[in-house]
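Just so you know, the numbering used here puts the end of the sequence shown at 603, numbered straight through with nothing missing.
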Amino acid sequence: MSEKSLTDWQTTAAALSIEGRAFINGRCMDALSGETRPTNNPANSQRIADVAVCGIEDADQAVKKARAAFDSGIWSAMAPADRKMVLVRWAELIEQHTEELALLECLDVGKPISDTTSVDVPSAVRTIRWSGEAIDKVYDEISPTPSNCLALVRRLPLGVVAAIVPWNFPLSTTAWKLAPSLATGNSVILKPASNTPLTGIRIAELATEAGLPDGVLQVLPGPGGSLGKHLAMHMDVDGLTFTGSTPVGKQLMQYSGQSNLKRTFLELGGKSPNIIFADANLEKAASMAAAAVFYNGGQTCTAGTRLIVEEKIKDEFIDMVVDRAEKWMPGDPLDPATRMGPMIDEAQYRTVADYVDIGRDEGAALTFGGNQMMQETGGFYIEPTIFTGVENRMRIAEEEIFGPVLSVLTFSDAEDAVRIANDSIYGLAGAVWSNNINTAHKVAEAVRVGTMGINNYFGGDITVPFGGFKQSGNGRDKSIHAFDDYTELKTTWIEFE
Ligand code: NAP
107 MSEKSLTDWQ TTAAALSIEG RAFINGRCMD ALSGETRPTN NPANSQRIAD VAVCGIEDAD
167 QAVKKARAAF DSGIWSAMAP ADRKMVLVRW AELIEQHTEE LALLECLDVG KPISDTTSVD
227 VPSAVRTIRW SGEAIDKVYD EISPTPSNCL ALVRRLPLGV VAAIVPWNFP LSTTAWKLAP
287 SLATGNSVIL KPASNTPLTG IRIAELATEA GLPDGVLQVL PGPGGSLGKH LAMHMDVDGL
347 TFTGSTPVGK QLMQYSGQSN LKRTFLELGG KSPNIIFADA NLEKAASMAA AAVFYNGGQT
407 CTAGTRLIVE EKIKDEFIDM VVDRAEKWMP GDPLDPATRM GPMIDEAQYR TVADYVDIGR
467 DEGAALTFGG NQMMQETGGF YIEPTIFTGV ENRMRIAEEE IFGPVLSVLT FSDAEDAVRI
527 ANDSIYGLAG AVWSNNINTA HKVAEAVRVG TMGINNYFGG DITVPFGGFK QSGNGRDKSI
587 HAFDDYTELK TTWIEFE
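If you want it as structure tokens, here you go:
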């Protein structure tokens, strides 16, 4: 990637031309009401662009276009090898626009430019390319019938899919939804988070440039409570794929039941355990314990927010993590040296600050950080924060804070570590660190989460499924298994004379 300085990025940002209109039937357009709202930069509270506020009429129009495209077969009936070519071209175009998209994501989300250039954009490219390349290598089934019969078991696209995504990884989560749903032949309506609509709109324009037929992908920015709900209740939407909070996920399940039982897949919140045994590589474990919670300002569903440390190394290990936390002090996201940016908005900033107060009031020891820095910067910055002496019954150990706040707990033996790790409504991710593979494997097996690392955190790539146990959701993003969420199995039973 380029070796641009802060000044270079500021200059490029000032020259950006930003599209904030909805994307319907292959072109950008205003909301039917003409309404817009500003999207702001969380690093300085300044307006970046005005964005369309789509409503129910826009949604109905988009669903109609999506249905017409689906029924026409222009995409849904296209040979998988041809859909592959479009998706691969799309991935290439996104890659060619890495700098622009990385900058948009940096300004809109407050993510460090070093992350958006090295993680967010490349991950979206890989996801779309991989799903495109995979789709003409997936075979359907013939079942073991009597010899006078032939039974075909085929995967067919659902039809019209609505994808509702959050603000913390807009580009990556969007790619995780769009790549498999489009690869399997669906028409898709994306509703980005109100805070972060910009990269979703831009990549839809690139999809058309890559050859995606009009009407197959629409992007509707607008409020979740009205527009999102309308899509989730829509009688002509066949599938709903969602990444976001557990409370909204529960509502979406209800909307599905109250409407047409649309297939509903949910990637939700977490409170992930990161378990450290005394015999682990403590240097590496300490560096990753800090990264696990401070990366993206802790606004990560898989953040390792519960650090569960073997009692006998508690003091030594906490010192090591505190030492690493100093390196995560927040800074200007456009500065290539910044590792952690601001919180997404004032509401999230206040929520995190409230949790720091709650942790103190509950009797946990504030060992590092905890200060808010908004007055000095105009941005929603919070220091990396570490609470020690935490009990699993405290709210800071139970609830998803979604900020750079680490809760440190201790355990006596492997059984105790597993008990604490599993004592949560969530089951998204976790990790265990030990140089004894028997211990590590036993603990990894026993912790009830969708993804578990052994001697790493955030491990994985597009080849493995991602999703949650328990109230962290259902269905899976990524890998070949993601195709299951966007297809129905159809049996055709043939009898010969
Ligand atoms: P959120 O409040 O649940 O919002 C997510 C999306 O849902 C946004 O587009 C939002 O629109 C929309 N929405 C809100 N209320 C809705 C409703 N009643 N009906 C339909 N749509 C509605 O979550 P968030 O605060 O953006 O994101 C943070 C959460 O996402 C955390 O809990 C995090 O753990 C989770 N997450 C999970 C994963 C995973 O893969 N498991 C990955 C990333 C994030 P507006 O923006 O207009 O409100």
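Quick reminder that beta carbons are idealized off the backbone N, C-alpha and C, glycines included.
- Proximity of the beta carbon of C407 to the ligand NAP is indicated: a heavy atom of the ligand is located closer than 8 angstroms.
- DSSP places W282 inside the alpha helix (DSSP H), whose first and last residues are P276 to A289.
- Per DSSP, the continuous beta strand (DSSP E) segment holding V267 begins and ends at V266 to I270.
- Distance from the C-beta of A230 to the nearest heavy atom of the ligand NAP is not below 8 angstroms.
- At a threshold of 8 angstroms, Q324 does not count as near the ligand NAP, since its beta carbon sits no closer than that to any of the ligand's heavy atoms.
- Burial state of G291 is buried, judged by a 10 Å Cβ sphere holding 16 or more other Cβ atoms.
- Taking 9 angstroms as the cut-off, the beta carbon of P490 is found closer than this to the beta carbon of M446.
- With a contact defined as Cβ atoms closer than 8 angstroms, K283 and T347 qualify at about 5 angstroms.
- By DSSP's assignment, D156 forms a beta bridge with P144.
- Our two residues, D438 and T444, have alpha carbons roughly 6 angstroms apart in a direct line.
- Taking a C-beta distance under 9 angstroms as the contact criterion, I488 and V496 do not qualify as a contact pair.
- Linking W539 to I381 through their CA atoms gives a straight-line distance of about 6 angstroms.
- Within the chosen limit of 8 angstroms, the ligand NAP does not reach the beta carbon of V294 with any heavy atom.
- With fewer than three CB-CB distances shorter than 8 angstroms, the stretch 516–525 does not count as touching the stretch 402–412.
- At least one heavy atom of the ligand NAP sits closer than 8 angstroms to the Cβ of D583.
- Cβ-Cβ distances below 8 angstroms link L358 to I270, A338, L346, F348, T370 and L372 in the same chain, with the five nearest sequence neighbours on each side left out; the list follows chain order.
- Under the DSSP assignment, C134 falls in the beta strand (DSSP E) whose first and last residues are R133 to M135.
- R501 carries a helical assignment under DSSP once its states are collapsed to helix, strand and coil.
- Counting C-beta pairs with one atom in each stretch, the stretch 558–570 and the stretch 212–220 have fewer than three that are closer than 8 angstroms, which means they do not touch.
- Looking at the backbone, the Cα of D214 and that of P276 are separated by about 10 angstroms.
- DSSP, read as helix, strand or coil, puts S513 in strand.
- The closest CA to that of K584, considering only L112, G238 and T411, is found on G238.
- Apart from sequence neighbours up to five positions away, the residues of its chain that approach A119 with a beta-carbon distance below 7 angstroms are L209, L213 and L440, ordered along the chain.
- Between T473 and I414, the beta carbon gap of about 16 angstroms keeps them out of contact (Cβ cut-off 8 angstroms).
- Annotation for V354 indicates a beta carbon within 8 angstroms of some heavy atom of the ligand NAP.
- Looking only at D177, L534, M184 and T251, the smallest Cα-Cα distance to E601 is reached by T251.
- The distance from the Cβ of P148 to that of D451 is about 6 angstroms, consistent with a contact at the 8 angstroms cut-off.
- If you look at F400, you'll find it in the alpha helix (DSSP H) that goes L388 to F400.
- Cβ-Cβ distances below 6 angstroms link S229 to S278 in the same chain, with the five nearest sequence neighbours on each side left out; the list follows chain order.
- Within the chosen limit of 8 angstroms, the ligand NAP reaches the beta carbon of Q357 through at least one heavy atom.
- For N477, the secondary structure class from DSSP, reduced to helix, strand or coil, is coil.
- A straight-line Cα-Cα distance of about 41 angstroms links G559 and A158.
- Residues P442 of the same chain have their beta carbon placed closer than 8 angstroms to that of S111, with the five preceding and five following residues left out of the count.
- For C255, the pairing in a beta bridge is given by DSSP as E601.
- Ranking T314, K170, A185 and S362 by CA distance to the CA of P263 puts A185 first.
- A straight line joining the alpha-carbon of P329 with that of I543 spans about 48 angstroms.
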